[in-house]
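Okay, so here's the structure we're looking at.
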Amino acid sequence: MVLPPRLNGTGVPPNGEGFKEKNYTQGNGEHRATYKSIKGSFKYGENLVPHYDWFDGQMIYTTIESQFDPAKGPVEINGFHNDGKSRIWPFKRMVTVQPYDKGNNTMVYMHLWGDDNDAYWGNYDFGRAIKVGMAKNDIPYSGKFDFVETYSFWPITHMVAPKEDAMGCADCHSREGRLNELEGFYMPGRDSFRWLDILGYLALGGALLGVLLHGLLRKLFSNNNQQRDAS
Ligand code: HEC
0 MVLPPRLNGT GVPPNGEGFK EKNYTQGNGE HRATYKSIKG SFKYGENLVP
50 HYDWFDGQMI YTTIESQFDP AKGPVEINGF HNDGKSRIWP FKRMVTVQPY
100 DKGNNTMVYM HLWGDDNDAY WGNYDFGRAI KVGMAKNDIP YSGKFDFVET
150 YSFWPITHMV APKEDAMGCA DCHSREGRLN ELEGFYMPGR DSFRWLDILG
200 YLALGGALLG VLLHGLLRKL FSNNNQQRDA S
């Protein structure tokens, strides 16, 4: 995490009050905080390509009881079933860094605010805030914490792009397309299952040939019939 120079590399504001820096201006002109003492640094993005995943409408949540393996990369705060009923769905993916219990491999509760010396929003001391937060909620805590990257997924049902920005076929149907990481189906133009493509072209070619041949034969026979009728 990059701390603003004013904090002297410690993250602790001199008077405990905390401050904000608003260095991001979004598309509609509104300013957003890029640093808040109580929450850390923020990065924003607009007009992003969504994350696509299989989704059957039900979320699976990582709760305070869920154990995870921090060595396996980012922890998904919510995730999805991929069963026979799932469909491909677009999501916003929020990437966060947060503390976790290093001994038990669970997330932690923090004592954030209050009129006491242990509240994080005042002393900015993760160790104390976690210890008190866990004790208050009667949750076992190993006493050691570290930080993990976490993902939260927000299903997109609004913010559909205007028609000028409608996707072209190659946005999905190409190797580097927006569905390139999604598994479980065959997509023409992306997957290199050569013989299936060739079979497809052959079938298409065959069908065309059939249509032409059929047309030709019909024409020949109708000519014959006309001749016969005339005679
Ligand atoms: C948002 C992503 C996306 C876009 C854009 C898109 N497709 Fe697809 N397309 C898919 C997916 C996913 C499948 C596979 C569906 C399946 O297997 O059930 C598919 C399948 C197909 C298939 C195979 C159908 C079948 O029955 O197997 C064809 C043909 C196709 N698309 C043509 C197009 C054309 C032409 C366009 C542009 C006009 C287009 N697609 C745009 C995602 C997309």
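Numbering (numbering that gives the first Met the number 0), first residue to last: 0 to 230.
For each residue, glycine too, the CB sits at the ideal point set by N, CA and C.
- The stretch 62 to 79 and the stretch 151 to 160 touch, with three or more beta-carbon pairs separated by less than 8 Å.
- In the three-state scheme derived from DSSP, where H, G and I count as helix and E and B as strand, P98 is classed as strand.
- Here the alpha carbon of M109 sits roughly 14 Å from the alpha carbon of T62.
- Assigned with DSSP and collapsed to three states, N77 falls in strand.
- In the DSSP assignment, P154 is bridged to F90.
- Cβ contact annotation for H172 (same chain, cutoff 7 Å, sequence separation greater than five): M186, P187, G188 and R189, in chain order.
- If you draw a straight line from the Cα of P69 to the Cα of F146, it comes to about 9 Å.
- V131 sits away from D114, with the two beta carbons spaced by 8 Å or more.
- Within the stretch 32 to 64, the runs of beta strand (DSSP E) that reach at least 3 residues and sit entirely inside it are, in chain order, 50 to 54 and 58 to 60.
- In terms of Cα proximity to E148, the closest of N81, S221 and V96 is V96.
- According to DSSP, H172 shares a beta bridge with no other residue.
- About 6 Å separates the Cβ atoms of M133 and V107, confirming a contact at the 8 Å cut-off.
- CA-CA distance, G209 to N27, rounds to 57 Å.
- Secondary structure at E163: helix, using DSSP grouped into helix, strand and coil.
- Judged by their CB atoms, R177 and Y51 are nearer to each other than the 8 Å cut-off.
- Remark: the C-beta of L201 is outside contact range of the ligand HEC, defined as less than 7 Å to any heavy atom.
- In the DSSP secondary-structure assignment, V210 is not bridged to any residue.
- Taking 7 Å as the cut-off, one finds no heavy atom of the ligand HEC near enough to the beta carbon of H157.
- Collapsing the DSSP output to three states places D196 in a helix.
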